[in-house]
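In the working numbering, the protein residues as written are 1 to 431. The beta carbon of each residue, even a glycine, is placed where N, CA and C say it ideally should be. Just so it is clear, the structure is predicted and the values come from calculations on it, not from any experiment. Read through the structure below, which is laid out as structure tokens, and then see the notes.
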DNA sequence: TCTGGGGTCCTAGGACCC
DNA sequence: TCTGGGGTCCTAGGACCC
């Protein structure tokens, strides 16, 4: 029988911000989404105030002021770096590990030599080491399926089933599990979102226990094979394997809301050019080529009172490529086709589709020889990526991406790159 | 004034094939 | 009453996750 652990960092982004700023200890801290739009992470103090996840920041200004909430813009460089360190520590605990998201990893624990105290002690050891070495708090859920491990993690966080940061379902009897599942809302289950929650409620299924004991065939018929699999996983039958190798992306998207409304085609072109450059960089980092490009623009959908317009177009490319110059040309061509003057644009995006490994390049019947041209392009892109890796993203870019770039997103309170930038090192003053 | 940015998978339906 | 029987591929839309 497999044993999975799900290790999840508590209030991850907010914890990262507190880590290098001791003055923030015990203070309410939130981290905002791009453009300082919504609250995407809350410290324990903020959760205690009842401020919900995802609320637009501007809507809680007064409350924030009243409680002295400190808000940070998203500092992904910092969070990604700390996330890598967490994974480094975890890989010392289990050879088989899946990095599920920036703050969660699944570990396969079956067959490992366990300390006295068994799996719970093992989980406690993980918690202790991450606290000691990184200063971050994590919770650990342990169970025979990934869905149950997620649920056990929820219990660990809420202190259910007597858990203190670690919850091990394999140590509970069937009756104890049933009693526990009776107290947990079905919406907490991995794979049950808002819509399915509502439909389940209409069928009278409100608790985890009820979903576990529902008939899998009926669930498949009324919903899908996905939710049927969830039911089986809740019963302890492992249906979802550990995915240790990250599969190549099938599509790559880059989109941003603008710092202010954009009306000008020139400005939109700059934005689209810089998004496609970033997308192409991601494309090359997984060693793929794109066979199609999409670009889209839209006005502010939150303001129905202003004239609305949105449009996106996808074009298949004559020959798959990872060359920023070519992709940029197509994206801007699309943009010029879909652009309508007289609107205030709020957001634009690009997508690379029909991705394939760079190894099996298909040459165009008409002119592609796959010879000198492609080799020169590969070399040039390698130089571009090398320079940007060394000197920072965007150090070397196409002129089309613009210079002052006034459309860029707002990041009103960005913390330093404490671990990724020499100039961002934390300073300790004596006395 | 101010409302994120990525991804995946599944299903249904239509076009088309023999 | 009966109206062939398989398939594939593509797209759009909807659900989910963090």
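Which full runs of the alpha helix (DSSP H) of 4+ residues lie inside the segment 22-48, going along the chain?
The DSSP assignment places 44-48 as complete runs of the alpha helix (DSSP H) inside the segment 22-48, in order along the chain (cut-off: 4 residues).
In angstroms, rounded to a whole number, what distance separates the CA positions of residue 290 and residue 327?
As a working mapping, residue 290 is identified with position 290 in the first chain. As a working mapping, residue 327 is identified with position 327 in the first chain. In a straight line, the C-alpha of residue 290 is about 9 Å away from that of residue 327.
Relative to the C-alpha of residue 195, which candidate in 223, 428 and 176 has its C-alpha closest?
Here the question's residue 195 lines up with position 195 in the first chain. When each option's Cα is compared against that of residue 195, the closest is 223.
Can you tell me whether DSSP reads residue 252 as helix, strand or coil?
Walking along the first chain from the start, residue 252 turns up at place 252. In the structure shown, residue 252 falls within a strand segment according to DSSP collapsed to helix, strand and coil.
Per DSSP, which one or two residues make a beta bridge with residue 231?
On the first chain, residue 231 is found 231 positions in, with the first residue counted as 1. Beta-bridge annotation (DSSP): residue 231 is not paired with any residue.
Mind checking whether residue 376 and residue 388 have CB atoms under 9 Å apart?
Here residue 376 refers to the residue found at position 376 of the first chain. Here residue 388 refers to the residue found at position 388 of the first chain. For residue 376 and residue 388, no; Cβs fall outside 9 Å.
In the structure shown, what three-state DSSP assignment does residue 195 receive?
Here the question's residue 195 lines up with position 195 in the first chain. In the three-state reduction of the DSSP assignment, residue 195 falls in the helix class, which pools H, G and I.
Between the beta-carbon of residue 413 and the beta-carbon of residue 77, is there less than 9 Å?
Locating residue 413 in the first chain gives position 413, counting from the first residue. Locating residue 77 in the first chain gives position 77, counting from the first residue. Taking 9 Å as the Cβ cut-off, residue 413 and residue 77 do not qualify as a contacting pair.
Among residues of its own chain, excluding the 5 on either side of residue 231, which ones have a beta-carbon nearer than 7 Å to its beta-carbon?
Along the first chain, one-based indexing puts residue 231 at 231. If you ignore the 5 residues before and after residue 231, its C-beta comes within less than 7 Å of the C-beta of 211, 212, 214, 216 and 219, all in its own chain and listed in chain order.
Which value, in whole angstroms, describes the spacing of the CA atoms of residue 408 and residue 271?
For the purposes of this step, residue 408 is identified with residue 408 of the first chain, where counting begins at 1. For the purposes of this step, residue 271 is identified with residue 271 of the first chain, where counting begins at 1. CA-CA distance, residue 408 to residue 271, rounds to 8 Å.
If you draw a straight line from the alpha carbon of residue 406 to that of residue 51, how long is it in whole angstroms?
Reading the first chain from its first residue, position 406 is the one you call residue 406. Reading the first chain from its first residue, position 51 is the one you call residue 51. When rounded, the distance between both Cα atoms is 32 Å.
Could you give the residue range of the beta strand (DSSP E) that holds residue 349?
Residue 349 sits at position 349 when you count from the first residue of the first chain. Counting along the chain, residue 349 sits inside the beta strand (DSSP E) bounded by residues 345-353.
Local Cβ density within 10 Å of residue 59, reported as buried at 16 or more and exposed below that:
Within the first chain, residue 59 is the residue found at index 59, counting from 1. The residue is exposed, with fewer than 16 neighbouring Cβ atoms inside 10 Å.
Can you grab the Cα-Cα spacing for the pair residue 353 / residue 137, in whole Å?
Mapped onto the first chain, residue 353 falls at position 353. Mapped onto the first chain, residue 137 falls at position 137. When rounded, the distance between both Cα atoms is 38 Å.
Given a cut-off of 9 Å, decide if residue 170 and residue 107 are closer than it, judged by their beta-carbon atoms.
Numbered from its first residue, the first chain carries residue 107 at position 107. Numbered from its first residue, the first chain carries residue 170 at position 170. No, they are not a contact pair.
Reduced DSSP category for residue 294 - H, G, I as helix; E, B as strand; rest coil:
As a working mapping, residue 294 is identified with position 294 in the first chain. Note: residue 294 maps to strand in three-state DSSP.
Test item: CB-CB of residue 318 and residue 20 under 9 Å
Here the question's residue 318 lines up with position 318 in the first chain. Here the question's residue 20 lines up with position 20 in the first chain. The answer is no: Cβ separation not under 9 Å.
Coarse secondary structure for residue 280, derived from DSSP in three states
The residue given as residue 280 occupies position 280 in the first chain. Under the three-state reduction of DSSP, residue 280 is assigned to helix.
Once DSSP output is grouped into helix, strand and coil, what is the label at residue 318?
Against the first chain, residue 318 aligns to sequence position 318. In the structure shown, residue 318 sits in a strand (DSSP, three-state: E or B).
Length of the line joining the Cα atoms of residue 32 and residue 116
Position 32 of the first chain holds residue 32. Position 116 of the first chain holds residue 116. Rounded to the nearest angstrom, the two C-alpha atoms are 43 Å apart.
Using CA coordinates, which residue listed in 75, 9 and 94 is at the minimum distance from residue 130?
Residue mapping note: residue 130 aligns to position 130 of the first chain, counting from 1. That would be 9, whose Cα lies nearest to the Cα of residue 130.
Using DSSP bridges, identify the partner residues of residue 324.
Here residue 324 refers to the residue found at position 324 when the first chain is read from its first residue. DSSP output for residue 324 lists no bridge partner at all.
Residue 105: first and last residue of the uninterrupted alpha helix (DSSP H) it sits in
Mapped onto the first chain, residue 105 falls at position 105. Unbroken run through residue 105 is the beta strand (DSSP E), 104-108; no alpha helix (DSSP H).
So, with DSSP's three-state summary, where would you put residue 91?
For the purposes of this step, residue 91 is taken as the residue at position 91 of the first chain. DSSP, read as helix, strand or coil, puts residue 91 in helix.
Rounded to a whole number of angstroms, what is the C-alpha to C-alpha distance between residue 156 and residue 382?
Position 156 of the first chain holds residue 156. Position 382 of the first chain holds residue 382. Going from the Cα of residue 156 to the Cα of residue 382 covers about 46 Å.
Mark residue 180 as exposed unless 16 or more other C-beta atoms lie within 10 angstroms of its C-beta, in which case mark it buried.
The residue given as residue 180 occupies position 180 in the first chain. Counting the other CB atoms within 10 Å of its CB gives residue 180 a total of 16 or more, which places it among the buried residues.
Where does residue 216 fall in DSSP's three states?
By 1-based counting over the first chain, the position of residue 216 is 216. Note: residue 216 maps to helix in three-state DSSP.
Ordered list of beta strand (DSSP E) runs contained in the segment 108-164, each at least 3 residues
Runs of the beta strand (DSSP E) inside the segment 108-164: 138-143.
Mind checking which residues open and close the beta strand (DSSP E) that includes residue 305?
Position 305 of the first chain, counting from 1, holds the residue named residue 305. In the DSSP assignment, residue 305 falls outside any beta strand (DSSP E), carrying neither H nor E.
Note down the Cα distance separating residue 64 from residue 48, rounded to an integer number of angstroms.
By one-based count along the first chain, residue 64 stands at place 64. By one-based count along the first chain, residue 48 stands at place 48. Approximately 13 Å, taken between the alpha carbons.
In chain order, what residues of the same chain have a beta carbon less than 6 Å from the beta carbon of residue 110, not counting five sequence neighbours either side?
For this step, residue 110 is matched to residue 110 along the first chain. Taken in chain order, the residues that qualify are 2 and 3.
Using the Cα positions of residue 393 and residue 421, report the straight-line distance between them to the nearest angstrom.
Taking the first residue of the first chain as 1, we reach residue 393 at position 393. Taking the first residue of the first chain as 1, we reach residue 421 at position 421. C-alpha of residue 393 to C-alpha of residue 421: approximately 13 Å in a straight line.
My assumption, with CB atoms under 8 Å, is that residue 197 sits in contact with residue 186. Please give the rounded CB distance.
Here residue 197 is taken as the residue at index 197 of the first chain, counted from 1. Here residue 186 is taken as the residue at index 186 of the first chain, counted from 1. Right, the Cβ-Cβ distance comes to about 6 Å (below 8 Å), so this counts as a contact.
Let me confirm a value: residue 133 is counted as buried when at least 16 other C-beta atoms fall within 10 Å, else exposed. Which label applies?
For this step, residue 133 is matched to residue 133 along the first chain. Residue 133 should be labelled exposed.
Classify residue 208 as helix, strand or coil using the three-state DSSP reduction.
Along the first chain, one-based indexing puts residue 208 at 208. Residue 208 falls in the helix class under three-state DSSP.
Considering only residues of the same chain and omitting the five flanking positions on each side of residue 313, which have a CB-CB separation below 6 Å?
Reading the first chain from its first residue, position 313 is the one you call residue 313. 334 and 338.
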